[in-house]
Structure formats: structure tokens, C-alpha cells
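Undergrad: Sequence order for the protein chains is Y and G.
Under numbering that gives the first Met the number 0, residues 0 to 936 are what the first sequence spells out, in order.
Under numbering that gives the first Met the number 0, residues 0 to 269 are what the second sequence spells out, in order.
Quick reminder that beta carbons are idealized off the backbone N, C-alpha and C, glycines included.
Model, not experiment: these values are computed from the prediction.
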Amino acid sequence: MAAFPWHSRQRNYKTELESCRLEPVPLDFGDYHPLKPITVTESKTKKMGRKGSTSSTSSSSSSSMVDPLSSVLDGTDPLSMFAATADPMTATANMDSSRKKRDRDDNSTVGPDFEPWSCKRGDILARYTTTEKLSINLFMGSEKGKTATSSSAVSEKVRTRLEELDDLEEGSQRELLNLTQQDYMNRIEELNQSLKDAWASDQKVKALKIVIQCSKLLSDTSVIQFYPSKFVLITDILDTFGKLVYERIFSMCVDNRSALPDHFSPENVNDTAKETCLNWFFKIASIRELIPRFYVEAAILNCNKFLSKTGISECLPRLTCMIRGIGDPLVSVYARAYLCRVGMEVAPHLKENLNKNFFDFLLTFKQIHGDTVQNQLVVQGVEIPLYLTLYSPAIDWILQCIAYHAPEVLLTEMMERCKKLGNNALLLNSVMSAFRAEFIATRSMDFIGMIKECDESGFPKHLLFRSLGLNLALADPPESDRLQILNEAWKVITKLKNPQDYINCAEVWIEYTCRHFTKREVNTVLADVIKHMTPDRAFEDAYPQLHSIIKTIIAYFHDFSVLFSVEKFLPFLDMFQKENVRVEVCKCIMEAFIKYQQEPTKDPVILNALLHVCKTMHDSVNALTLEDEKRMLAVLINGFIKMVSFGRDFEQQLSFYVETRSMFCNLEPVLVQLIHACVAFCFITIPSLTGIFTRLNLYLHSGQVALANQCLSQADAFFRAAVSLVPEVPKMINIDGKMRSSESFLLEFLCNLFSTLLIVPDHPEQGVLFLVRGLLNVIQDYTWEDNSDDKIRIYTNVLHLLSAMSQETYLYHVDKVDSNDSLYGGDSKFLAENNKLCETVITQILEHLKTLGKDETLKRQSVLALSFFNSILAHGDLRNNKLNQLSVNLWNLAQRHGCADTRTMVKTLEYIKKRSKQPEMSHLTELALRLPLQTRT
Amino acid sequence: MGTVLDIKIKRANKVYYAGEMLSGVVVISSKDSVQHQGVLLTMEGLVNLQLSAKSVGMFEAFCNSVKPIQVLTSSIEIVKPGKFPSGKTEIPFEFPLHVKGNKVLYETYHGVFVNIQPQKGKSTPSPVDFTITPETLQNVKERASLPKFLIRGHLNSTNCVITQPLTGELVVEYSEAAIKNIELQLVRVETCGCAEGYARDATEIQNIQIADGDVCRNLSVPIYMIFPRLFTCPTLETTNFKVEFEVNIVVLLHDDHLITENFPLKLCRI
């Protein structure tokens, strides 16, 4: 028998559906309809290219429906324009950074192990603040109306310049009073900007004036508690200035051919550059006041490189000595810090100068207790302990510079010198902040002794303990001292009355405790913290510190069963009562859990605690929560759910899922996760059932559920399980006590399965139509009853399925699941495979029809033939000659032995004729002519 | 018409000595070509005695001799009449620096383009130690009301090389009153003499603060001052005029007492 290649009819389900619906009434363009879209037509005038802009203007020419917002974005968006013209700032910044990088390779610059000033400045700005009113006193005289006299223009120019410089001192005074701290900072930033502007517009004298005026502000110690921050702000300006001058002179050395190498020698600098550089130094040398003269010269210290090799090494000692002239000890120590900073940047190998600065400072240390300072503090109402802390950033910095790569001997010497001075707590603290942690840690007991001896009224003790704690977090003290250190330190810390002082210490010491001791000690510390922070809800002001304590603990306790067995841990968590802080802390804990928990757990302690933590996170979700935040929380909760396993105890697992479902119903990803889990649960549970059809149907349903939830691999597993279960279906099954043939149930189930298989996407690693093939094999091998045509009925249905599968767009889909139509996109190979399957199936059907040629089965043959004819009519493309012929043959076969029901045949023919009137169905007319109606004679 | 004329001198620091060759270029830049009657370059050296505001009436009364004294003059035509093309034209020039007649070239000490150096001098260091107490002060009205203080120090030399800084040290060993300020005041003393008599005029030309606030006791504060290039010249004594320099150490106490110690300086150039 010749094989009949299958050609399925192209279906357009959409139009077929529409043809069954009410006819839509077309609406004329002009008609009013409330839902008609509003069309905006924009009449575009040609845009003029913006003056000075380098980017080209692209004019969009779309005529209708131009979104007025998007039209702004075409071409001349000011931001992208900015980015397009290579930003000079970034360009120079890049140059800077590359230059810096090269510098770093050199041993004449500081290594990366030196904590740079930029790390400190933020801390200082945050720590030294004030609510008092500040003032800026500037003498920026109004620009003198310069009507240049025509005669001897040159000398006139020089004279006016000099006058301008003098003008700084005598010119009109501008005083800005009553500034808040923020105002003050803004003003300083404005000055910084105007410095850059002045420089850029070649007003060098004005730039110098600004810098001088700014550095003058550093001699003002009113609102003394703000002084360290003021220092930071103003030295930023000085840094800017220093850089500008250096770069300007550097650029003057660039001759036509090549730029100066990074490590040039003064001989390579041309005379003009040298002269300009010298001019700057002369100008600065003539600044009347000491403090501006010092700061401005220090700012351009680097420029000495242009003049001579030894310039910097000669300048540094001179500037160091110059600071001795500054009477106020605070002002002078900051001047030293600035000099050390510039020195470290420009010539880090010059160490002597750093030491000299520190020794000079020690010499003036006694001034702090002198009358001048004391009187000033009384006037300002500042307490000594607070005043002393103002010194810390400067001394810390100087000591840090000294301690950098310094031999142990030097550090010991420095420490001894500090010890000798009265009220050395300030120095002690700086030593602890600046020296190597190992150095401090090995001498911990000595330090504790010294701290205890310190004068109560001087530098705040809790700061000393904090500094010590910071060192111990980085380096380990000798083994034998460890417990004693903790006891001694905690004895003092626990007595601190002020909760802020207390928590600042505790925050630091928790690390030491976690590092060297067990959960018992940690528990004690936590209990102590709770005890201190609970009264008067002191914890409300200490969330950052408390948070940091939690972070430290979870960084050390990776075993969560141990962590949660620390009794005070959960009560500690209860102190976080502000929701967003609480959620942050919970997130930290969950992140740590996901990171460190290696094996699944069913530990009730962990589960309880973490469910509590997760619930807190979940409950924070509301309508305003950002998508990102939700996703983050869901990931964390899912991470937890995945790690929970009760092993073979499925009931408990399921009840856990039920519980979590009720808890986390607001987060969709969590629900998806639970569905995954439940699907897995179904998969495990189904085999334990006895009813074979129950199992089959449950597999099908679970598969559908899995598909509906985009759990593709799970769905695949379910369907595969169902397919492989089919051969086990017994011939007879017991229904309501009677034995019945199972075939009709199987037929029903398989049809159901087929309609689902239509939308199941192929497994990426298996062949095309893997599930359908598998199912066909199973059907083939199944032992069917001899006198039944169910197998052929199934094959016919398979044909329907395959026809539906070869459509460009399938009849139905599962939301968010790509079925084979979109996966293959009507790929010819796929269609060929599909058709090959059809061919096999048709062959099977036809062979079966042939076997029914005996008398007793003629009736069956006729019915089957007609049913097959109908299938071809419905799904086949009858324009194909072979199929057309096949259908005619089937028609005849159905009628051959007079077994056919005439009424059915007549109705079928009428139907065909009716169909032929539909568009693209005209070929059916011809077919109808070829189908004779046999009347029974 | 936007024609810009500029003279550029070759030497960056613009310092030339007698007998040397002053060279440079005249730069003419304009958009269009320019018709001209020739370019003439004139160099002139002047000593100009100016009337100070303080001594107005006095000088006018007796002194007619304060005319500018010309010490140097020369002039060359660098381009004949013609036309400059559009764009930038550079015309190099050279002037020999020769003194007019038998006059001496003095160094200028303010605002003239060219600095001219006469003969070289010699300097031998002459250190000065000083001690300032209420007792050492002159011109004191009520010595008893003065707070007690003791300031010691020294200047490394009062014979100074003009290109080198004035250096020294100062120690406040003791002071009853808080110190507000310590300054170095550089003073120029000009004396103009003629047959009718002479006029003396002292001007502060630079003021440098070396201590700000109540400095630490017994800690030496450096004395350091760079001589301003345009306002100083080597100490000069001629028949017609005299230029001398002095430095004052000025200590201002918190109760507004002003203590001044004066040191004459001798500046020279090596």
C-alpha cells in the first residue's frame, strides 16, 4: 500500500472564531466614539542647531502620534550632549588617575597600605558638627574700577596687581554672619567653585585672593567644635589651588614636541615656567599674615620641583618652624597635620620633618592648659573633654604619617615621650589610632593600665577604650592576656553612664569577644548591652551601632543552631523597633544564613527563629514597596525555604509549606517557590496511590498545574511519568464492584492528555515531539482487545493532535509558557518530523481498515472509514491530490457494503457543499462532485 | 582695526646687566594687512624722583632739581615704512645696554620693565643679638605701667644679600601679657639731597607676620623674610639721593602695647 503523505490544513483559529461571532460594525473615521484614541499631529518646524553644541541635531520626521516627551530626547538632549563632547573634567581626571597609577609603581610615593586623607575627611565632617551660628569673614574688596591709564601701561599693570594684593588686607570687608553649618559648607563650596572659575578665566590674582581669604578663616577659632570640619573644607580648596598651580606650570613646560616626564628634573624645566613658578613663591612670601602665608605656600609645595631638586627638602623644615609662630595650639596642630599631609603626598621619603612636627607639638602641648586657651573655652562654653577630642584628627594623622613603615624602636620612643606628658590620654588615644594594630595589641595590658590612670576630667575615657578595641579587632593580643583584657575592659565599659558612650565602646568590643571567645561570653555581652540600652529606649539613638553588633556576630557565628542558642540574641533583635531598621537587620541575618548554611536543616530552633525573621521582612511589604526591594526579600525568603528539609517526613514538610504559604502570601516569588515545592511533593506522593486511573489523572493534573506555574521541567516529569504508567493499565478494572473493560477510560484519558500535550514545549535535550513519540510507542505496544477499534480511534486523535501542532499559532496557550509554535516558529524540519509521524499513523489506520474487510466486521470498517474521512475533512488539506483521492476512497469504502447510514452520508455531503462556499474552500465543490451517494437498492 | 602690538623680551626673568645685549621680538598681529610709517623702538632709562604725599609743600618750595635723570637712551628703527601682511609678524631686535656718558646704572626698585644692575658689592655677615625688655625700650611714657616681658633673639646678619631672605630667631622667654602678634616691618628710607638741604622719607614696603596669637614660651619662632623684588634695591648712596633699608620687629601685646625694635640693614647684590 502506498504511503499517504499528510498535509494538514492551515487553520486560522482567530478568523474561524470570529466567523462564529457577531459582525463588527465599522466606525467611520470622523465619527465620535468615546474610546477612540486621541491623535496628536505635530507640525514640525526645522530645528536650529544649538549654538556651540557639537552634537548634530537629528530631526525626527515622524508625522503622527509623536509623544511630546520623547521628542525632547531626539539628538539634542543636553545630558547626552554633555557626555558626547568629551568632558574635560573626566578627561583630566583620567589623566590624573593614570598619572597617579604610574606614580604608585614608584617607591617614592606612598603605598596603598597608607590610609589616605580622603578616607578621613568624611569621618571628620560627620563627627565635628555644630548647631551654632558660624560666620565667614572675607575681605574680598570689590574689584577696583580699573581705568587703565594709557601712559607706561606695563608698570601701571604691575602696580594695579600689587594694589590688588594689598587690597586683600585693606579692602572692603564682607562678613557673612549667622550661617548654619550647611550654609557655611555651601559658601565654602561656592568659594571653591569661584576659585576654579577665576582660574579658568585666567584671573590668577583673584584666585590667589580667594585662597588667601579662605586660609585666613583657619585662624578663626570661634565655634571651636566645628574647627576640624572647617579645616577639612578649607584644605580642600587649598588642594584644588595647589593642583591648579602645579598643572599650569607643568603645562608651560610642554614644548612643541613632548610633555615633561612625570619624574623630571629642574634642568628640564624651561625658563618661562621657572620664572612663573618663582613669581608664585614671591607673591606668597609677601602675604602679610602668617597663617595664610603658611597654608598657601604649603599648598604649592609640590611646585618646588620645578625650581630645584632640594627645594622640597629645604622648604619642609622651614615651614615646620614657621608653625611655631602660631599661638593657638589647635590651629597650630592642624597646620602641622596639613604640612604632614602635603609632605606625605609630595615627598613621603622625607620622614624627619614628620617627627619634627610631632616633637614641636609635644613642646607646645602644655599650652592647652594655659590661660589663653582656658579663657577661650570659658567664653565659648566648651568643656575640656570635648575640646581635647578636637585635636584627635590632627594628631592621629601626624602619628599615622610617622608610623607608616616606621621601625618599632621609633614607635616605642614616641610612646614613651607621650607617656611623660601630663594628661596624656589625648596622645594615648592618637597613638592607638595611628600605630600598627599589632604594636598596640601586644601591649594591650600596658595600655589598659595607662588608660585607667588617666585623669577623669580630661580626654573622654570611653574613646580610649574604643580605640583599644578597634586595635584588638585587627590584631590579636598574647593568648595568655586575652580573657583578662576582656574582663578589665568590660569592667570599665559597663560602668559608662551615657548610653551613646557605652554603645560606641560595646560596638567595637563585640568583635574582640566574638573573635576569641565562645557563645557564653557573647551572650553575657549581649545581655549587658540590652541592660544598658533598654532604659529610656536608649536603643532608638543607637540603631547603627546595634546593627553593626549584629553584623559582627553573624560574621563570626556561621553555625545558626549555635547562633540561635545564644539566649540573648532574639531579645537583642527585639531592640530594633523601627521597622526599616528591623528589616535591614533581618536581611543581614538571612543573607548570612544563605551564605553559610551548607546543609538542609529541620532544626526547630533555627526554623522558629528564621520564620520569625522572615515574617518580619515579609510584613514590611506594602503597596509602596519597590519592586527591587520585594525581589530582594523574596530571594532571601526563598533561600530559607529551600534550606528546610524534613527528609522522608513528607507530611511535616507539607505542613511547613502550608504554614509558610499563609505567612508569605504577599510575595509572588515565594508562592512560586512553594508551588515548586508542592509540585515536587505531588510527584513523590502520587506513586504511593493504588488506583491506576487516579494516578494517571493526578499526573496529568499536576503536570497541568506545573505548566500553569511555569515549572516546565516538573511538568515534563509528570507527563513522562504518566506516559510510562500507561502500559501498566490492566484490561479489566473494578468499578463499583463490577469488572469492566478499561479501554474506554484509557481512551478518555489519552484524549485528555493529547490536548495538554499540544501546548507542552519540547524538552531542549530530547528530540522533537519526544513525549508524543513515547506515547505512540506505548500505544503501539499496548495489548488492545481483539475486537476493538479503540487503538485506531486513538490514532485518529493523534492525527488531530499532530495537525494542530503543525499550525503556525496554536489554538490555545498557557500564559507565560512558550509552546512549540513559538519555539520552532514553523521551522520546516519540525514540520517534516511532524508529517512523518502523521504518515506512520495513517499507514497504521489504513492497515487496520484493511483487516476489517471480513463480513462480520464490515460495519465496523464503514464506521471507521467515515470517521477517518471526517478527520481528513476537518484537518487535512484537500487541495492535495493524494489526500483528496484518499478521502474519496474512504467515502466509497464507507458505502461499499451498504453498511453506511444514508442520512449521515447525505448530511455529510451537504456540509461539504456548504463549506465549499466559504472563502478558500472552493476546492470542496469539486470534491463533492466526486462523492457519489449510494442509495440502498 | 584690531591690530595688536606686543614686545616680548627673550629673557624670562627680564633682568639684564650693563654691557649685555637686550634682545627680543616685536609682535604685530592683525586680521588685515596694515599700512605703517615704520617701527621705531626706543629704550630709555630714568631715575625719577617723585614727590611724596607727605612732603609736598616742602619740596616744591626749595627743590627744582628733582627732574628725571636720564641714564640711558637709545633708539633704533627696526622696520622701514611699508605694510605688514595680515596675520602675525615677528620682528626681532637687539639693544646693547650702554650707559649714557659717565653716569652709573642703578638698580630700579619698582615697576619698570627692565632691571639694571650696577657693580657688584661684597657682603660680610654681621649677626646681631637682641634682648627686648621694658627696660631696653626708649620713648616710653610710663615705664611702670608696662607689663613685664623678656624677648630674646638674633638676626643672622644685617648685611643682606638682596636675593637671600632675612633670617633669624626670636624667643618669647617670658611675657606677663598675652602676645597678639609679632611682625617684621621692612622700611625703605629715601633721602634726597640738593644744595638747599635734604628731604628724608621712610615708607613701609613690606610687613610680614611671624607670630599670630600667644606663642608658646621658650620656643624659638623663626624670623624669615624675603625681600620684595620690586621695592628693594641694594642700599645706595650717591651725591643726589640715598636709598636705605631698615627692619622693625614689632610686638603687639594683648593689651595693645606696641613694642618695636629697629635694625638698619645693608642690602647688596652678589
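Check whether chain G comes within 8 Å of residue 296 (chain Y), counting only Cβ atoms and requiring the distance to be less than that.
TA: Here the question's residue 296 (chain Y) lines up with position 297 in the first sequence. False, the Cβ-Cβ gap to chain G never drops below 8 Å.
Undergrad: Taking only three categories from DSSP, how would you classify residue 528 (chain Y)?
TA: Counting from 1 along the first sequence, the entry for residue 528 (chain Y) is found at position 529. Looking at residue 528 (chain Y) - three-state DSSP - the assignment turns out to be helix.
Undergrad: Does the Cβ-Cβ distance between residue 409 (chain Y) and residue 458 (chain Y) come in under 8 Å?
TA: Here residue 409 (chain Y) corresponds to residue number 410 of the first sequence, with the count starting at 1. Here residue 458 (chain Y) corresponds to residue number 459 of the first sequence, with the count starting at 1. Not in contact: residue 409 (chain Y) and residue 458 (chain Y) (Cβ atoms no closer than 8 Å).
Undergrad: From the DSSP output, read off the bridge partner residues of residue 191 (chain G).
TA: As a first step, residue 191 (chain G) must be located in the second sequence, where it is residue number 192. G:198, G:240, per the DSSP bridge assignment.
Undergrad: Where residue 552 (chain Y) and residue 510 (chain Y) are concerned, what is the direct C-alpha to C-alpha distance, given to the nearest angstrom?
TA: The residue labelled residue 552 (chain Y) in the question sits at position 553 within the first sequence. The residue labelled residue 510 (chain Y) in the question sits at position 511 within the first sequence. Taking the straight line joining both Cα atoms gives about 7 Å.
Undergrad: Taking its Cβ as the centre, do 16 or more other Cβ atoms sit within 10 Å of residue 183 (chain Y), making it buried, or is it exposed?
TA: Here residue 183 (chain Y) refers to the residue found at position 184 of the first sequence. Classification for residue 183 (chain Y): buried.
Undergrad: Anything in chain G within Cβ reach of residue 311 (chain Y), meaning under 8 Å, just list it in chain order.
TA: Counting from 1 along the first sequence, the entry for residue 311 (chain Y) is found at position 312. By Cβ distance, chain G contributes nothing, its closest Cβ being about 17 Å from residue 311 (chain Y), past 8 Å.
Undergrad: Quick check on residue 251 (chain Y) - is its C-beta less than 8 Å from some C-beta in chain G?
TA: In the first sequence, residue 251 (chain Y) corresponds to position 252, counting from 1. No - not a single Cβ of chain G is within 8 Å of the one on residue 251 (chain Y).
Undergrad: As an exercise, report each continuous beta strand (DSSP E) stretch of at least 3 residues that is fully enclosed by the stretch 213-260 of chain G, in chain order.
TA: Listed in chain order, the complete beta strand (DSSP E) runs (minimum 3 residues) inside the stretch 213-260 of chain G are 220-224, 240-252.
Undergrad: Could you check which residue in Y:675, Y:706, Y:833, Y:723 has the C-alpha nearest to that of residue 691 (chain Y)?
TA: What you label residue 691 (chain Y) is simply residue 692 of the first sequence in a count that begins at 1. Among Y:675, Y:706, Y:833, Y:723, the Cα nearest to that of residue 691 (chain Y) is on Y:723.
Undergrad: Using only alpha-carbon positions, find the residue among G:22, G:140, G:126 that is nearest to residue 10 (chain G).
TA: Position 11 of the second sequence holds residue 10 (chain G). Checked all of G:22, G:140, G:126; the closest Cα to residue 10 (chain G) is G:22.
Undergrad: Could one say the Cβ of residue 325 (chain Y) lies closer than 8 Å to chain G's Cβ atoms, at least one of them?
TA: Locating residue 325 (chain Y) in the first sequence gives position 326, where the first residue counts as 1. True, the Cβ-Cβ gap to chain G drops below 8 Å.
Undergrad: Determine the direct distance from the alpha carbon of residue 460 (chain Y) to that of residue 489 (chain Y), and round the result to whole angstroms.
TA: Here residue 489 (chain Y) refers to the residue found at position 490 when the first sequence is read from its first residue. Here residue 460 (chain Y) refers to the residue found at position 461 when the first sequence is read from its first residue. Cα to Cα, the separation comes out at about 13 Å.
Undergrad: What first and last residue would you give for the alpha helix (DSSP H) that runs through residue 356 (chain Y)?
TA: Within the first sequence, residue 356 (chain Y) is the residue found at index 357, counting from 1. Per DSSP, residue 356 (chain Y) belongs to the alpha helix (DSSP H) from 351-363.
Undergrad: Hey, does residue 416 (chain Y) have any beta-carbon neighbour from chain G nearer than 8 Å?
TA: By 1-based counting over the first sequence, the position of residue 416 (chain Y) is 417. So, not an interface residue.
Undergrad: List, in chain order, every chain G residue whose beta-carbon is nearer than 9 Å to that of residue 351 (chain Y).
TA: Residue mapping note: residue 351 (chain Y) aligns to position 352 of the first sequence, counting from 1. Per Cβ cutoff of 9 Å: no residues; residue 351 (chain Y) is ~17 Å from chain G at best.
Undergrad: Going by the DSSP bridge assignment, what does residue 171 (chain G) pair with across the sheet?
TA: Within the second sequence, the letter at position 172 stands for residue 171 (chain G). According to DSSP, residue 171 (chain G) bridges with G:150.
Undergrad: Could you tell me whether the Cβ of residue 191 (chain G) comes closer than 8 Å to any Cβ of chain Y?
TA: Along the second sequence, read from residue 1 onward, the residue named residue 191 (chain G) stands at position 192. Chain Y, which has no Cβ nearer than 8 Å to the Cβ of residue 191 (chain G), makes this no.
Undergrad: Nearest CA to the CA of residue 790 (chain Y): which residue from Y:813, Y:841, Y:803, Y:828?
TA: Residue numbering aside, residue 790 (chain Y) sits at position 791 when the first sequence is read from its first letter. When each option's Cα is compared against that of residue 790 (chain Y), the closest is Y:841.
Undergrad: Counting contacts by CB-CB distance shorter than 8 Å, is residue 267 (chain G) in contact with chain Y?
TA: To locate residue 267 (chain G), count along the second sequence from 1; it is residue 268. No, its Cβ sits nowhere closer than 8 Å to a Cβ of chain Y.
Undergrad: So which residues of chain G does residue 273 (chain Y) contact, with C-beta pairs closer than 9 Å?
TA: Translated into the one-based positions of the first sequence, residue 273 (chain Y) becomes position 274. By Cβ distance, chain G contributes 11, 12.
Undergrad: Secondary structure at residue 94 (chain G), three-state DSSP: helix, strand or coil?
TA: Numbered from 1 along the second sequence, position 95 holds the residue referred to as residue 94 (chain G). Three-state DSSP puts residue 94 (chain G) in a strand.
Undergrad: With DSSP as the reference, label residue 404 (chain Y) as helix, strand or coil.
TA: If you number the first sequence from 1, residue 404 (chain Y) lands on position 405. In the structure shown, residue 404 (chain Y) sits in coil (DSSP, three-state: anything other than H, G, I, E or B).
Undergrad: Are any of the Cβ atoms in chain Y nearer than 8 Å to that of residue 220 (chain G)?
TA: By one-based count along the second sequence, residue 220 (chain G) stands at place 221. Taking Cβ atoms only, chain Y reaches closer than 8 Å to residue 220 (chain G), which makes this a yes.
Undergrad: Give the straight-line distance between the Cα atoms of residue 611 (chain Y) and residue 595 (chain Y), rounded to the nearest whole angstrom.
TA: As a first step, residue 611 (chain Y) is located in the first sequence; it is residue number 612 there, counting from the start. As a first step, residue 595 (chain Y) is located in the first sequence; it is residue number 596 there, counting from the start. C-alpha separation (whole angstroms): 19 Å.
Undergrad: Shorter than 8 Å from the beta carbon of residue 184 (chain Y) to some beta carbon of chain G?
TA: On the first sequence, residue 184 (chain Y) is found 185 positions in, with the first residue counted as 1. No, its Cβ sits nowhere closer than 8 Å to a Cβ of chain G.
Undergrad: Could you give the residue range of the beta strand (DSSP E) that holds residue 81 (chain G)?
TA: Within the second sequence, residue 81 (chain G) is the residue found at index 82, counting from 1. That run of the beta strand (DSSP E) goes 81-83.
Undergrad: Cβ of residue 183 (chain G) within 8 Å of Cβ of residue 222 (chain G)?
TA: The sequence position of residue 183 (chain G) within the second sequence is 184, counting from 1. The sequence position of residue 222 (chain G) within the second sequence is 223, counting from 1. It is a contact, given that the beta carbons lie within the stated cut-off.
Undergrad: Does DSSP put residue 592 (chain Y) in a helix, a strand or coil?
TA: One-based indexing of the first sequence puts residue 592 (chain Y) at position 593. In this structure, residue 592 (chain Y) counts as helix in the three-state DSSP scheme.
Undergrad: In the DSSP output, which residue or residues are listed as bridge partners for residue 740 (chain Y)?
TA: Start at 1 with the first residue of the first sequence, and residue 740 (chain Y) comes out as number 741. BP columns for residue 740 (chain Y) point to Y:731.
Undergrad: Measuring only the C-alpha atoms, how far is residue 132 (chain Y) from residue 199 (chain G)?
TA: Within the first sequence, the letter at position 133 stands for residue 132 (chain Y). Within the second sequence, the letter at position 200 stands for residue 199 (chain G). Roughly 51 Å between the two C-alpha positions.
Undergrad: Could you tell me the distance, in whole angstroms, from the CA atom of residue 598 (chain Y) to the CA atom of residue 715 (chain Y)?
TA: Locating residue 598 (chain Y) in the first sequence gives position 599, counting from the first residue. Locating residue 715 (chain Y) in the first sequence gives position 716, counting from the first residue. Distance between the alpha carbons of residue 598 (chain Y) and residue 715 (chain Y): 28 Å.
Undergrad: Is there a C-beta anywhere in chain Y that falls below 8 Å from the one on residue 69 (chain G)?
TA: As a first step, residue 69 (chain G) must be located in the second sequence, where it is residue number 70. It does not; no Cβ of chain Y falls within 8 Å.
Undergrad: Just the chain Y side, please: which residues come within less than 7 Å of residue 205 (chain G) by C-beta, in chain order?
TA: For the purposes of this step, residue 205 (chain G) is identified with residue 206 of the second sequence, where counting begins at 1. Near residue 205 (chain G) (Cβ distances below 7 Å), the residues of chain Y are 285.
Undergrad: Just reading off the beta strand (DSSP E) that residue 121 (chain Y) is part of, what are its end residues?
TA: Counting from one through the first sequence, the residue named residue 121 (chain Y) turns up at place 122. Per DSSP, residue 121 (chain Y) belongs to no beta strand (DSSP E); it is in the alpha helix (DSSP H), 116-126.
Undergrad: For residue 35 (chain G), does the three-state DSSP call read helix, strand or coil?
TA: As a working mapping, residue 35 (chain G) is identified with position 36 in the second sequence. The answer is strand: DSSP assigns residue 35 (chain G) an E or B state.
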